[in-house]
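Asker: Got a structure here, written out as structure tokens. Questions coming.
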Amino acid sequence: FDPALRWIDVLSDSAFFAMDLIAHGRRDFAYRFLNAYLEHSGDYAGLPVLRFYMVYRALVRAHVALIRERQAGPMPAGPDYLALAHQLASESDARLLITHGLPGSGKTFVTQRLLEQVGAIRLRSDVERKRLFGLTALESSADRPRDEIYGPQATADAYARLRSLARTALSAGYPTIVDAANLREAERTQFRELAAELNVSFTILDCEASHGVLRERVSARLARRDDASEADLAVLERLHAVRELLTPAERAQAVMVDTQDGRVWLWEGADVGTRAWAEAAERG
């Protein structure tokens with residue numbers, strides 16, 4: 002077998018599967034898969050060529066379909082891969098959404114639905130923090146000093162990585178979601194400044210739930226051990242005491258989500274980009 006055909010970029014193969022899902026009407030599954038692959042591999046550096054790979058694979062499908070039709074006559078109607086290639090080649094919807102909320106407030110749950118709705122790339126602070134220390138998403142850090150992975154310097158490094166990855170995703174033309182607590186105004190400001198630098202819209206997804214529900218969710222998640230977050234009840238209480246609420250200016254750029262009853266609302270003066278995210282949240 003030709004080595005040049007056998008050895009290919011894994012992202013190219015992943016793009017093939019994602020493109021086929023989109024072609025068959027499951028864009029939601031495509032971005033669920035792509036985000037799972039990216040979270041597992043950390044291959045965000047490939048985002049600038051991801052769309053190229055999907056276009057290339059759609060054109061391969063279109064070429065094969067044409068050859069088969071010429072060899073065997075008219076074929077049953079299938080996806081219009083040529084039209085899909087054109088659509089993918091012309092897509093660009095760079096905009097930035099960051100989450101704001103305490104552990105257990107539903108940030109990851111809501112953003113999972115959003116990324117499937119809009120075809121976004123999501124960056125999770127819990128995953129990227131662990132990656133900086135050589136840990137997989139579900140690997141425990143219990144055998145390490147807590148200040149090493151969750152201390153101020155580690156937190157600063159994690160947010161710096163999130164900003165770097167967000168820059169990559171936005172520059173590649175993708176709607177980008179940063180799933181992090183963003184409890185300090187300074188953290189949120191750095192993302193807003195990044196959006197302004199890249200001339201893309203900026204929105205805050207503010208997730209809320211009652212304190213009792215937060216405690217129940219955090220306890221249940223720790224018992225399941227099926228998520229990258231390692232926040233326990235002590236962490237929840239500490240963060241609740243130090244969090245900085247959204248400023249009036251930030252509220253004008255925020256989508257408010259009550260994750261207990263699913264209610265979504267906006268503050269007066271919300272811009273067009275913020276309203277678009279709110280509509281997607283309501284559909285989700």
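For the sequence shown, position 22 matches number 23 in our numbering, and the numbering has no gaps at all.
We put the beta carbon where it would ideally sit given N, CA and C, even for glycine.
#1: Counting only runs that start and end within the stretch 146-186, where is the alpha helix (DSSP H) found for 4 or more residues in a row?
#2: Exposed or buried, which one is Leu289 when buried takes at least 16 other CB atoms within 10 Å?
#3: Using CA atoms only, rank isn't needed, just tell me which of Gly135, Leu124, His212, Glu198 is closest to Asn183.
#4: Would you decide whether Gly79 is buried or exposed? Buried here means 16 or more other CB atoms lie within 10 Å of its CB.
#5: Suppose you measure from the CA of Gly152 to the CA of Arg226; what does that come to, to the nearest Å?
#6: Please go through the same chain and pick out, in chain order, the residues whose beta-carbon is closer than 6 Å to the beta-carbon of Tyr175, but skip the five residues on each side of it.
#7: Please report the Cβ distance between Val219 and Leu199, rounded to the nearest whole angstrom; I am assuming they are in contact, meaning their Cβ atoms lie under 8 Å.
#8: Taking the alpha carbon of Val56 as the point to measure from, which residue in Phe34, Asn36, Ala86 has its own alpha carbon closest?
#9: Determine the extent of the beta strand (DSSP E) in which Ile68 is found, giving its start and end residues.
#10: Rounded to whole angstroms, how far is the Cβ of Pro104 from the Cβ of Leu240, which I believe are closer than 8 Å?
#11: Just tell me which of Leu67, Tyr45, Asp81 has its CA closest to the CA of Asp21.
Answerer: The answer reads as follows:
#1: If we require 4 residues or more, the alpha helix (DSSP H) runs fully inside the stretch 146-186 come out as 147-151, 153-172.
#2: Any question about residue 289 goes unanswered here, given that the chain covers just 2 to 285.
#3: Along the sequence shown, one-based indexing puts residue 183 at 182. Minimum Cα-Cα distance from Asn183 among the listed residues Gly135, Leu124, His212, Glu198 corresponds to Leu124.
#4: Here residue 79 corresponds to residue number 78 of the sequence shown, with the count starting at 1. Residue burial is scored here from C-beta neighbours: Gly79 has fewer than 16 other C-beta atoms within 10 angstroms and is therefore classed as exposed.
#5: For the purposes of this step, residue 152 is identified with residue 151 of the sequence shown, where counting begins at 1. For the purposes of this step, residue 226 is identified with residue 225 of the sequence shown, where counting begins at 1. In a straight line, the C-alpha of Gly152 is about 22 Å away from that of Arg226.
#6: Against the sequence shown, residue 175 aligns to sequence position 174. Hits under 6 Å: Ile122.
#7: Residue numbering aside, residue 219 sits at position 218 when the sequence shown is read from its first letter. Residue numbering aside, residue 199 sits at position 198 when the sequence shown is read from its first letter. The distance from the Cβ of Val219 to that of Leu199 is about 34 Å, inconsistent with a contact at the 8 Å cut-off.
#8: One-based indexing of the sequence shown puts residue 56 at position 55. Among Phe34, Asn36, Ala86, the Cα nearest to that of Val56 belongs to Ala86.
#9: Along the sequence shown, read from residue 1 onward, the residue named residue 68 stands at position 67. Ile68 -> not in any beta strand (DSSP E); alpha helix (DSSP H) instead, spanning 48-73.
#10: Translated into the one-based positions of the sequence shown, residue 104 becomes position 103. Translated into the one-based positions of the sequence shown, residue 240 becomes position 239. Indeed they touch by this definition, with Cβ atoms about 7 Å apart.
#11: Numbered from 1 along the sequence shown, position 20 holds the residue referred to as residue 21. Nearest of Leu67, Tyr45, Asp81 to Asp21, Cα basis: Asp81.
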